[in-house]
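K.L.:
What the sequence shown shows, in this note's numbering, is residues 2 to 434, in sequence order.
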Amino acid sequence: MSARPETEARAGAPLGKPWIDHWLDSLQDLTQLKSQHPMMDAVIDEIDGRMIRVGDRWLADFASCNYLGFDLDPEIQGAVPAYLEAWGTHPSWSRLLGSPILYEQIEERLTDLLGCEDTLALPTITHIHMSVIPLLAASGTIFLDARAHKTIYDGCQVARARGAAVRRFRFEDPDHLDELLSAERDRTRLVCMDGVNSMTGNAPDLPAFAEVARRHGALLYIDDAHGFGVIGERGPGDDCPYGRRGNSIVRHFDEGYENVVLVGGFSKAWSSLLAFVACPTELKDLLKVAAPPYLYSGPSPVASLATVLAGFDVNERRGDELRKELHRHTKRVLDAARSLGIATPNRSELPIVEFPVRDHTRIDSVGRLLFERGVYVTLAAYPLVPKAEVGFRVQLTASNTDEEVATLIAVLEELAERGEMQPAGVIPPSVTA
Ligand SMILES: Cc1ncc(COP(=O)(O)O)c(C=O)c1O
């Protein structure tokens, strides 16, 4: 898409659609990929387990974040009709106006699972970042993880517009955070970062970050969208590196909640539209009157509240078995990558595995080959990621089959043989630094 000629604009000719043209220009690569690539903006016609049909092609899905496979679990599916009968399909009050008791039940069970003082449930993490970050930052200073999720960045932008300052610290670098906090004179300090990173699949050194934040009197705000349901508390006799109960990053590192606000969501591992803030009751009470989604936004559908509640029971009884299965699939893919000598930033064995391609201009054809071989992944194209990190991301779930994983590994082998993959040891600097 070429830019509108300057002369046309100067001559006062019709302006076209500047609100669209500007974006088509700056997102040229992505726009092109979206309009032409079968793995972008694809319409999924049908699913069968973790197989999906796009047009006339069946593919093994490695792009969903349904890590525990709750979306396909008969026990969880079977719990929904009774809730619909009791509550209808959608309550439609904002929570302040009318909060079905299901929320109280969810918050009670969640608080117990996380081992925190209290929790507040809101529809999505995006709602939470956009409303809670500006509230906590006020006109103070935010210290932002340079590679935090886009929705955290957006929350910080809102905070900035309301008078907060934003400084970025280097990814996975608590010493840099320490340096910035040491130089800061503002007394209101909020550190915003990801838990398990949605691109690298690694967890940050939470104890190091929490120590730095507490020493400088800062509040640590952490988004563990991808850790909740997957990683949890550890103890003697654990036979899975993810730990037990899936109760998120704070418990995984045996950290406390002092000066920590944990945000997470049910929309990934738990396959339900709901999110939460784990915080002291005092803050929860404030959020109920000051965080706009509690007052103004529509609620989650009843089916999602039902699957969250049923998910607690399944997590308690079978969650650790499902996490073991999830780890087994992930380890199989990582072992294959290691023996093929191809790069991935994943060093955690968590189920997010990013594979950078050797040449970023080849992402279109690499994606097509995956599609043709029946493997559906997330393409990480420029400008979603820097050119040096262009590649694709694979997410495993407990409900993938061994056969599906074998299909994925066979395509990785083919891509490695064709020289399309980045060799191990050449991890892009911004992923590691
Ligand atoms: C780290 C992280 N935070 C937040 C979100 C957004 O979550 P939600 O859909 O609940 O707004 C995502 C979703 O991809 C994510 O990966």
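Built from N, CA and C at the ideal position, the CB exists for glycine as well.
1. Taking only three categories from DSSP, how would you classify Asp-224?
2. Given a cut-off of 7 Å on the beta-carbon distance, is the pair Ile-129 and Leu-123 in contact?
3. Can we say the stretch 390-398 touches the stretch 344-359, given the rule of at least three CB pairs closer than 8 Å?
4. Out of curiosity, what's the CA-to-CA distance linking Ala-152 and Leu-263?
5. Could you tell me whether the stretch 86-101 touches the stretch 322-336, where touching means 3 or more Cβ pairs closer than 8 Å?
6. Across which residues does DSSP place Arg-245 in a beta bridge pair?
7. Straight-line CA distance for Ala-10 to Arg-168?
8. Is there at least one non-hydrogen atom of ligand 1 closer than 6 Å to the beta-carbon of Gly-116?
9. In the stretch 297-359, which residue ranges form an unbroken beta strand (DSSP E) of at least 3 residues, counting only runs that do not cross its ends?
10. Is any heavy atom in ligand 1 found nearer than 6 Å to the beta carbon of Ile-126?
11. Consider the C-beta atom of Thr-152 and the heavy atoms of ligand 1; say whether any pair is separated by less than 6 Å.
12. Go ahead and pull the three-state DSSP assignment for Ala-434.
13. Take Leu-178 and list the residues in its own chain whose beta-carbon comes closer than 7 Å to its own, dropping the five residues that flank it on each side.
14. Are the stretch 83-91 and the stretch 239-249 touching, with three or more C-beta to C-beta distances below 8 Å?
15. Keeping to the same chain, check which residues put their C-beta closer than 6 Å to that of Ala-4; ignore five residues upstream and five downstream.
16. Does the distance between the C-beta of Gly-299 and the nearest non-hydrogen atom of ligand 1 fall short of 6 Å?
17. Leaving out the 5 sequence neighbours to the left and right, which residues in its chain are closer than 6 Å to Leu-103 when beta-carbon positions are compared?
18. Looking at ligand 1, does it come within less than 6 Å of Ala-64, judged from the CB to the closest heavy atom?
19. Out of His-328, Leu-287 and Arg-188, point me to the one whose CA is closest to Ala-165's CA.
20. Under 8 Å, with one C-beta from each stretch per pair, do the stretch 29-45 and the stretch 370-384 reach the 3-pair mark?
21. DSSP three-state label for Tyr-377, please.
22. Between the C-alpha atoms of Asp-57 and Gln-29, what's the straight-line distance to the nearest angstrom?
23. Would you check if the distance between the CB atom of Leu-114 and the CB atom of Val-278 is smaller than 7 Å?
24. Between Phe-71 and Gly-312, is the Cβ-Cβ spacing less than 7 Å?
25. When DSSP builds the beta bridges, which residues end up paired with Gly-444?
26. Since Leu-416 is in the alpha helix (DSSP H), which residue starts that stretch and which ends it?
27. For Pro-300 versus Ser-132, is the C-beta spacing smaller than 7 Å?
28. Identify whether Cys-157 lies in helix, strand or coil by the three-state DSSP scheme.
29. Roughly how many whole angstroms lie between the Cα atoms of Pro-208 and Glu-256?
30. Return the chain-ordered ranges of every beta strand (DSSP E) run that is complete within the stretch 41-81 and spans a minimum of 3 residues.
31. Could you give the residue range of the alpha helix (DSSP H) that holds Phe-277?
32. Given 6 Å as the limit, tell me if Gly-312 has its C-beta closer than that to any heavy atom belonging to ligand 1.
33. Within the present structure, is the beta-carbon of Gly-70 separated from the nearest heavy atom of ligand 1 by less than 6 Å?
34. Looking at the unbroken alpha helix (DSSP H) that takes in Val-386, where does it start and where does it end?
35. What's the C-alpha gap between Gly-116 and Arg-252?
36. Going by CA-CA distance only, name the one from Ser-268, Val-406, Ala-138 and Ile-45 that's closest to Val-231.
P.N.:
According to the structure data:
1. strand
2. yes
3. yes
4. Position check: residue 152 holds Thr in this sequence, whereas Ala was assumed. So the two alpha carbons sit approximately 15 Å from each other.
5. no
6. Glu-234
7. Confidence at Ala-10 is low in this model, with a pLDDT of 48, below 50, so the placement of that residue is unreliable and no value is reported for it.
8. no
9. 353-357
10. yes
11. yes
12. The predicted model places Ala-434 with a pLDDT of 35, which falls under 50 and marks its position as unreliable; any figure quoted below should be read in that light. Here Ala-434 sits in coil by DSSP.
13. Phe-144, Phe-170, Val-192, Phe-210 and Val-213
14. no
15. Note that Ala-4 scores 42 on pLDDT, short of 50, meaning its location in the model is unreliable; the coordinates nonetheless yield the value given after this. So the list reads Asp-26, once near-sequence residues are dropped.
16. no
17. Leu-306
18. no
19. Arg-188
20. yes
21. strand
22. 29 Å
23. no
24. yes
25. Because the chain is modelled from 2 through 434, residue 444 falls outside the range shown and cannot be assessed.
26. 403-418
27. no
28. helix
29. 7 Å
30. 47-49, 52-55 and 58-62
31. Unbroken run through Phe-277 is the beta strand (DSSP E), 276-280; no alpha helix (DSSP H).
32. no
33. no
34. Premise fails: Val-386 is in no alpha helix (DSSP H) and is neither H nor E.
35. 8 Å
36. Ser-268
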